[in-house]
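Below: one structure, written as structure tokens.
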Amino acid sequence: QTRSLLGVFEEDAAAISNYINQLFQAMHRIYDAQNELSAATHLTSKLLKEYEKQRFPLGGDDEVMTSTLQQFAKVIDELSSCHAVLSTQLADAMMFPITQFKERDLKEILTLKEVFQIASNDHDAAITRYSRLSKRRENEKIKAEVTEDVYTSRKKQHQTMMHYFCALNTLQYKKKIALLEPLLGYMQAQISFFKMGSENLTEQLEEFLNNIGTSVQNVRREMDCEVENMQQTIEDLEVASDPLYLPDPDPTKFPVHRNLTRKAGYLNARNKTGLVSSSWERQFYFTQGGNLMSQARGDVAGGLVMDIDNCSVMAVDCEDRRYCFQITSFDGKKSSILQAESKKDYEEWICTINNISKQIYLSENPEEIAARVNQSALEAVTPSPSFQQRHESMRPSVQSRPPAARTSSTGSLGSDSAALSALSLDSLVAPDTPIQFDIISPVSEDLPGQAKSSGQSGRRTNPFGESGGSKSETEDSILHQLFIVRFLGSMEVKSDESSDVVYETMRQILAARAIHNVFRMTESHLLVTCDCLKLIDPQTQVTRLRFPLPSVVLCATHQENKRLFGFVLRTSGGRVESRQTSICYIFESNNEGEKICDSVGLAKQIAFHAELDRKASEKQKEIERVKEKQQKELNKQKQIEKDLEEQSRLIAASSRSNQSSGEGQFVVLSSSQSEDSDLGEDGKKKRESEA
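The sequence shown: position 148 = 148 (the UniProt record's numbering), numbered continuously.
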């Protein structure tokens with residue numbers, strides 16, 4: 001019965017221990033949460049106090065908000081103090097009793113249980129040894145020892161059992177205390193906390209909280225109103241911006257702005273990764289004064305790409321991509337190929353860079369000046385009646401003009417020189433003359449004479465100077481100079497007597513390009529020799545055009561823009577047969593206009609001196625041929641006379657030997673000899689040739 005009852009008590013003690021452990025964990029979570037709440041409340045109060053030290057980019061200095069948050073920080077700081085007091089009370093009144101019961105009383109039961117088990121095992125072992133004692137008397141000493149062990153172990157077991165049973169009985173009372181005392185402490189701590197809270201929440205604080213609540217409601221209403229307005233704005237923008245979602249919007253709805261001096265947007269930049277390979281990188285580009293800048297995503301600021309003052313820009317074909325254009329620096333040492341997202345951006349970028357390259361952005365009203373420049377370009381191509389009438393009274397006869405230099409490096413497209421003001425537009429360029437913006441090989445369908453004379457058009461030029469079995473037509477030329485040029489256009493002109501016709505052609509071609517959105521320029525290599533001018537494809541080394549040097553009658557460069565130059569080509573035939581026509585070709589180079597014109601002039605001088613030498617050589621050869629012919633005639637005459645003398649001697653000898661029989665023959669020979677003397681020199685020659 002004792003063992004069975006002890007088992008029930010031990011089972012009850014194990015259940016109490018298990019339950020108390022769970023309750024201890026729950027109360028410890030309350031205590032930890034309270035500590036965390038106290039620390040979080042204190043941190044919140046600290047952060048609210050530091051609000052006035054913050055520097056928000058869009059916040060500004062809001063004194064009302066700062067003072068409000070300071071007031072909240074003060075109240076929350078007081079609440080943090082209350083939470084700290086509550087944490088201390090929970091530690092003393094709730095956690096301490098249950099921790100004592102768990103660590104002291106329950107562990108005491110476990111210790112006594114182990115001691116009782118050991119004492120019981122010792123008693124069982126002593127009884128077992130005592131039962132094995134022998135009946136003989138000689139083992140008295142062993143018997144006394146075993147008896148002593150039984151006594152000691154039984155006494156120890158009894159004492160341990162009594163203390164163990166007492167502890168189990170006491171545990172029933174301690175269990176009640178361990179359950180009620182922590183709960184009592186928890187409730188008292190909460191009541192104390194609420195009392196402190198009610199003391200802090202005064203009527204003044206309640207009024208402050210009511211005002212803040214009203215302010216929050218007002219802010220919420222303003223936010224709802226603003227959100228509604230923004231939603232309406234978003235809907236309107238979505239409707240209005242629907243065409244802009246297309247990558248290439250309709251140009252009729254979104255016209256191109258050609259008067260811009262500033263531009264920004266995303267472009268694809270071509271980067272060479274190898275000898276023939278390249279990659280494209282999308283970056284944000286923008287103009288800043290006379291500089292083109294780029295900024296990659298994530299960069300703090302943009303970097304300089306190129307100085308676009310006095311630069312050149314042209315449309316190019318690149319790797320089968322659309323809307324590509326190339327910007328070349330003023331010295332020609334740096335270039336960049338970019339791709340726009342749409343045709344509108346493509347044209348606006350080219351117009352903007354053109355305007356910046358003219359340094360229009362330095363004026364006070366750059367867009368207004370750009371508009372005037374574009375309007376002037378429009379008037380240059382389509383002259384108004386007032387402009388023609390203004391020049392009608394100043395039109396002199398062409399014969400009254402003094403002869404101009406055939407090769408010139410000076411002039412100005414927009415200058416008010418006396419020579420240009422003395423001529424009307426009709427005296428320089430024929431009205432309604434078509435402009436050719438691209439290179440056609442042969443030169444033109446309207447120039448059959450030149451096309452035939454070209455002969456080598458379309459022939460590949462070996463870049464390594466090897467003939468490949470056939471002699472090059474320029475191999476013997478003294479002068480060989482190569483320039484990089486870009487073809488702007490050509491048109492027929494009425495006069496080739498002055499460089500003014502080149503300036504007027506430049507003005508009209510540039511204005512026509514600006515008005516008709518022609519930005520593409522074909523880049524070629526211009527080869528200047530003593531025989532001709534050649535335009536060679538830089539990629540394939542094929543001769544695109546060939547201009548015989550004698551047909552180039554005039555070459556001039558722009559005075560202000562040294563990159564522009566042109567020459568006039570005089571050919572036979574054209575739109576009207578059986579007359580000579582003059583065509584002016586305009587090019588753009590890399591600051592080499594004067595050098596090219598000087599090179600053409602030098603080539604013509606060398607060709608002129610070579611022609612003089614050739615004519616002198618031919619004349620000398622002709623004199624030598626006449627002398628040689630006269631010498632041959634004299635030698636023939638001497639030979640004829642010698643033959644006649646020989647024949648006379650033979651006849652005389654024959655007549656003497658056959659005087660009687662050959663009289664008739666002698667008569668015949670004498671008559672023939674007399675006839676020869678009558679025929680003269682011409683007859684003798686004829687008779688000799690017949691013989």
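Think of the CB as a built atom: it goes at the ideal place given N, C-alpha and C, for glycine as much as any other residue.
For residue i, the first and last residue of its enclosing alpha helix (DSSP H)
i           : result
residue 548 : Per DSSP, residue 548 belongs to no alpha helix (DSSP H); it is in the beta strand (DSSP E), 543-548.
residue 641 : 593-657
Rounded C-alpha distance that separates residue i from residue j
i           : j           : result
residue 122 : residue 25  : 39 angstroms
residue 143 : residue 161 : 27 angstroms
residue 52  : residue 58  : 14 angstroms
residue 586 : residue 488 : 6 angstroms
residue 478 : residue 529 : 7 angstroms
residue 238 : residue 322 : 28 angstroms
residue 598 : residue 284 : 43 angstroms
residue 80  : residue 35  : 10 angstroms
residue 28  : residue 180 : 16 angstroms
residue 505 : residue 490 : 8 angstroms
residue 126 : residue 120 : 10 angstroms
residue 296 : residue 328 : 22 angstroms
residue 507 : residue 288 : 29 angstroms
residue 203 : residue 221 : 27 angstroms
residue 547 : residue 536 : 12 angstroms
residue 232 : residue 240 : 12 angstroms
residue 277 : residue 319 : 10 angstroms
residue 13  : residue 106 : 8 angstroms
residue 150 : residue 156 : 10 angstroms
residue 317 : residue 280 : 15 angstroms
residue 103 : residue 195 : 33 angstroms
residue 49  : residue 30  : 29 angstroms
Backbone secondary structure at residue i - three-state DSSP
i           : result
residue 6   : helix
residue 560 : coil
residue 525 : strand
residue 263 : coil
residue 472 : Interpretation of residue 472 is limited by its pLDDT of 47, a score under 50 that renders its predicted location unreliable; the figure taken from the coordinates is listed afterwards. Correct three-state label for residue 472: coil.
residue 308 : coil
residue 288 : strand
residue 552 : strand
residue 268 : strand
residue 519 : coil
residue 357 : helix
residue 480 : strand
residue 534 : strand
residue 589 : strand
residue 583 : strand
residue 296 : coil
CB contact below 9 angstroms: residue i versus chain C
i          : result
residue 98 : The structure shown contains no chain C; it holds only a single protein chain.
Status (buried if at least 16 other CB within 10 Å, exposed otherwise) for residue i
i           : result
residue 135 : exposed
residue 166 : exposed
residue 650 : exposed
residue 373 : buried
residue 516 : exposed
residue 593 : buried
residue 292 : buried
residue 467 : Confidence in residue 467 is poor, its pLDDT being 41 and thus under 50, which makes the residue's placement too unreliable to answer from.
residue 510 : buried
residue 116 : buried
residue 55  : exposed
residue 482 : exposed
residue 544 : buried
residue 263 : buried
residue 15  : exposed
residue 175 : buried
residue 347 : buried
residue 418 : Bear in mind that a pLDDT of 37 at residue 418, under 50, signals an unreliable position, so the number given afterwards is only what the model happens to contain. Label assigned to residue 418: exposed.
Whole-number beta carbon distance between residue j and residue i, since they are thought to touch under 8 angstroms
i           : j           : result
residue 330 : residue 311 : 6 angstroms
residue 178 : residue 93  : That belief does not hold up - the Cβ atoms of residue 178 and residue 93 are roughly 13 angstroms apart, past 8 angstroms.
residue 268 : residue 338 : 7 angstroms
residue 583 : residue 522 : That belief does not hold up - the Cβ atoms of residue 583 and residue 522 are roughly 17 angstroms apart, past 8 angstroms.
residue 76  : residue 38  : With a Cβ gap of about 11 angstroms, residue 76 and residue 38 do not count as contacting.
residue 568 : residue 549 : So it is not a contact: roughly 13 angstroms between Cβ atoms.
residue 152 : residue 83  : About 60 angstroms; that fails the 8 angstroms criterion.
residue 256 : residue 344 : 6 angstroms
residue 286 : residue 519 : Between residue 519 and residue 286 the Cβ distance is about 20 angstroms, and since that is not below 8 angstroms, they are no contact.
For residue i, the first and last residue of its enclosing beta strand (DSSP E)
i           : result
residue 338 : 335-339
residue 539 : Looking at the DSSP string, residue 539 is not in any beta strand (DSSP E), and its letter there is neither H nor E.
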